[in-house]
Amino acid sequence: MYKTISLKKTAVLLFVAATIFSECKAQKSVTKSQLAENPFIRDIYTADPSARVFPDGRLYVYPSHDVDPPRGCDLMDKYHVFSTDDMVHWKDHGEILNSSQISWGRKEGGFMWAPDCVYKNGTYYFYFPHPSGTDWNKTWQVGIATSKKPASDFVPQGYLDLGNDSFAMIDPNVFVDDDGQAYFYYGGGGRCVGAKLKDNMTELAQPLAPMEGLKDFHEATWVFKRKGVYYLTYADNNREDGKDANRLNYATSKSPLGPWTYGGVYLGSTGSGTNHGSVAEYKGQWYAFYHNDVLSGQGNLRSICVDKLYFNADGSIQMVVQTGLKSNKQ
Ligand code: FUB
Numbered sequence: 003m004y005k006t007i008s009l010k011k012t013a014v015l016l017f018v019a020a021t022i023f024s025e026c027k028a029q030k031s032v033t034k035s036q037l038a039e040n041p042f043i044r045d046i047y048t049a050d051p052s053a054r055v056f057p058d059g060r061l062y063v064y065p066s067h068d069v070d071p072p073r074g075c076d077l078m079d080k081y082h083v084f085s086t087d088d089m090v091h092w093k094d095h096g097e098i099l100n101s102s103q104i105s106w107g108r109k110e111g112g113f114m115w116a117p118d119c120v121y122k123n124g125t126y127y128f129y130f131p132h133p134s135g136t137d138w139n140k141t142w143q144v145g146i147a148t149s150k151k152p153a154s155d156f157v158p159q160g161y162l163d164l165g166n167d168s169f170a171m172i173d174p175n176v177f178v179d180d181d182g183q184a185y186f187y188y189g190g191g192g193r194c195v196g197a198k199l200k201d202n203m204t205e206l207a208q209p210l211a212p213m214e215g216l217k218d219f220h221e222a223t224w225v226f227k228r229k230g231v232y233y234l235t236y237a238d239n240n241r242e243d244g245k246d247a248n249r250l251n252y253a254t255s256k257s258p259l260g261p262w263t264y265g266g267v268y269l270g271s272t273g274s275g276t277n278h279g280s281v282a283e284y285k286g287q288w289y290a291f292y293h294n295d296v297l298s299g300q301g302n303l304r305s306i307c308v309d310k311l312y313f314n315a316d317g318s319i320q321m322v323v324q325t326g327l328k329s330n331k332q
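With positions in the sequence shown counted from 1, the corresponding number in my numbering is that position plus 2.
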């Protein structure tokens with residue numbers, strides 16, 4: 003009798019131990035496999051990732067596309083879209099727009115820089131900066147293409163009327179607030195401006211106004227909201243060892259158009275010179291998207307990356323740990 007109980011107890015203990023061990027192992031592998039290895043797109047060069055969670059429950063990334071061999075950022079001529087439902091497996095939906103399709107665009111093509119895409123009232127609005135003239139940096143416009151689907155069938159619709167505010171003004175970003183009101187932002191060369199959009203998403207509802215309170219703004223505006231606080235992230239003008247080494251900074255506000263309170267740097271230089279990010283919450287986790295040049299070693303052949311983003315209890319953003327960066331520079 004004693005022997006039987008002891009054997010049974012031993013078997014139960016072994017079973018419990020085995021279960022705990024296998025659960026620990028399972029948890030470890032889930033943790034490990036929560037993100038694809040960075041850079042998470044490796045077959046083409048991509049930069050300037052704008053991440054969006056859309057009604058089908060997938061997370062979509064709208065980057066720009068670096069052309070190999072590069073000539074600065076001049077030859078960037080198309081956009082691809084990528085999506086995931088687990089942050090591990092990414093689907094390339096293919097090309098959605100090419101500079102050759104832009105009737106009002108510069109005749110030489112190229113210069114399809116950092117885009118954004120938002121969903122409103124059953125339509126996907128894709129905003130992209132593109133010059134209308136040969137003198138590209140004086141003729142930037144923000145083109146719009148629309149579709150009923152997030153990753154195909156985009157049709158160019160002309161460009162936003164932004165007055166004469168064309169010089170160096172790039173990197174459009176659109177934020178749709180909880181009440182459905184959309185806001186448009188863009189900027190470059192040290193200036194960031196924003197305004198309400200009309201319900202049609204293709205016209206400004208008011209004049210553009212400067213975003214006050216940002217420190218050392220360069221480009222790459224991105225606005226999001228968390229717990230009632232608006233965050234504006236952007237690339238600065240940082241240089242290291244005599245070279246551009248832009249970092250991602252953030253500022254917060256109680257209003258989508260500021261004034262903003264500077265918060266600090268949340269993502270250090272990545273090696274590529276430029277920096278361009280977006281922030282998204284997906285399935286209960288916040289993520290920081292950005293690009294680096296680890297695949298090419300060339301600042302103009304960039305690759306998009308994603309890492310987890312954490313907030314402190316007071317809403318400030320913790321420094322992102324860049325996985326996959328050779329030097330793991332922070
Ligand atoms: O990719 C072209 C330009 O480089 C983007 O528009 C900027 O934000 C910088 O990343």
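Cβ coordinates follow ideal geometry from the N, Cα and C atoms, glycine included.
For residue i and residue j, what's the separation of their Cα atoms in angstroms?
| i | j | result |
| --- | --- | --- |
| Thr33 | Arg108 | Note that Thr33 scores 46 on pLDDT, short of 50, meaning its location in the model is unreliable and no value can be drawn from it. |
| Asp79 | Asp68 | 8 Å |
| Asp246 | Asp238 | 10 Å |
| Asp76 | Gly270 | 25 Å |
| Leu1 | Ala222 | Beyond the ends of the chain as shown, which are 3 and 332, falls residue 1; an answer cannot be given. |
| Ile146 | Tyr233 | 24 Å |
| His132 | Asp87 | 31 Å |
| Gly124 | Asp243 | 48 Å |
| Gln29 | Lys200 | Any reading at Gln29 must be qualified, since the residue scores a pLDDT of 38, below 50, and its modelled position is unreliable; no value is offered. |
| Lys27 | Gln36 | The pLDDT assigned to Lys27 is 40, lower than 50, so where the model puts this residue is not dependable, and the model offers no usable value. |
| Gly273 | Asn294 | 6 Å |
| Pro72 | Asn314 | 40 Å |
| Gly191 | Gly299 | 25 Å |
| Ala20 | Tyr126 | No answer about Ala20 holds up, because its pLDDT of 47 lies below 50 and its placement is not dependable. |
| Met213 | Val231 | 16 Å |
| His95 | Thr148 | 16 Å |
| Trp138 | Gly182 | 34 Å |
| Asp163 | Glu205 | 7 Å |
| Ala49 | Ile319 | 23 Å |
| Gly265 | Arg44 | 33 Å |
| Ser66 | Ser305 | 10 Å |
| Asp58 | Lys150 | 12 Å |
With a CB to CB cut of under 7 Å and the five nearest residues on each side skipped, what residues in its chain are close to residue i?
| i | result |
| --- | --- |
| Ile140 | The sequence shown places Lys at residue 140, not Ile. Within the same chain, Lys140 has close Cβ partners Ser168, Phe169. |
| Lys122 | Val178, Ala184, Met203 |
| Asp70 | Tyr47, Leu303 |
| Phe23 | Residue confidence is low: Phe23 scores 43 on pLDDT, short of 50, so the model does not pin down where it sits. Its coordinate-derived value is still stated next. Result list for Phe23: empty, nothing under 7 Å. |
| Ile172 | Trp115, Ala116, Pro131, Trp142, Tyr188, Gly190, Glu221 |
| Gln159 | Ile146, Ala147, Thr148, Thr204 |
| Pro261 | Glu214, Gly215, Ser255 |
| Ser134 | Trp106, Gly107, Arg108, Thr141, Gln143 |
Under 8 Å between the Cβ atoms of residue i and residue j?
| i | j | result |
| --- | --- | --- |
| Val90 | Tyr64 | no |
| Arg60 | Ala282 | no |
| Asp309 | Val322 | yes |
| Pro152 | Phe56 | yes |
| Cys307 | Asn40 | yes |
| Lys227 | Asn251 | no |
| Phe156 | Pro174 | no |
| Val195 | Ala211 | yes |
| Val267 | Arg249 | yes |
| Gly111 | Ser102 | yes |
| Lys198 | Gly317 | no |
| Val176 | Tyr161 | no |
| Ala38 | Trp92 | yes |
| Gly301 | Thr276 | yes |
Using only the heavy atoms of the ligand FUB, determine whether one of them is closer than 7 Å to the beta carbon of residue i.
| i | result |
| --- | --- |
| Asp246 | no |
| Met78 | yes |
| Trp138 | no |
| Ser318 | no |
| Cys75 | yes |
| Ser105 | no |
| His278 | yes |
| Ile1 | Nothing about residue 1 can be read from this structure; the chain reaches only from 3 to 332. |
| Asp295 | no |
| Glu221 | yes |
| Asp50 | yes |
| Ser298 | no |
| Ser101 | no |
| Ala116 | yes |
Once the 5 residues before and after residue i are set aside, which same chain residues still bring their CB inside 8 Å of it?
| i | result |
| --- | --- |
| Thr263 | Gly215, Ala253, Thr254, Ser255 |
| Gln62 | Note on residue identity: the sequence assigns Tyr, not Gln, to residue 62. Result list for Tyr62: Ala53, Arg54, Val55, Phe56, Val83, Phe84, Ser85, Cys119, Pro152, Ala153, in chain order. |
| Gly286 | none |
Beta strand (DSSP E) containing residue i: first to last residue?
| i | result |
| --- | --- |
| Glu97 | 93-100 |
| Glu221 | 219-228 |
| His278 | No beta strand (DSSP E) contains His278, which DSSP labels as neither H nor E. |
| Lys198 | 193-198 |
| Trp106 | Neither: Trp106 is in no beta strand (DSSP E) and is coded neither H nor E. |
| Gly189 | 184-190 |
| Pro258 | From DSSP, Pro258 is part of no beta strand (DSSP E); its letter is neither H nor E. |
| Thr235 | 231-238 |
| Ser85 | 80-86 |
| Cys119 | 118-122 |
Whose C-beta lies closer than 6 Å to the C-beta of residue i among residues of the same chain, with five residues either side of it excluded?
| i | result |
| --- | --- |
| Trp288 | Leu311 |
| Phe291 | Pro51, Ala53, Gly279, Ser280, Val308 |
| Ile98 | Tyr81, Val83, Phe156 |
How about residue i: is its C-beta nearer than 8 Å to some C-beta of chain B?
| i | result |
| --- | --- |
| Gly160 | In the displayed structure, chain B is absent; only one protein chain is listed. |
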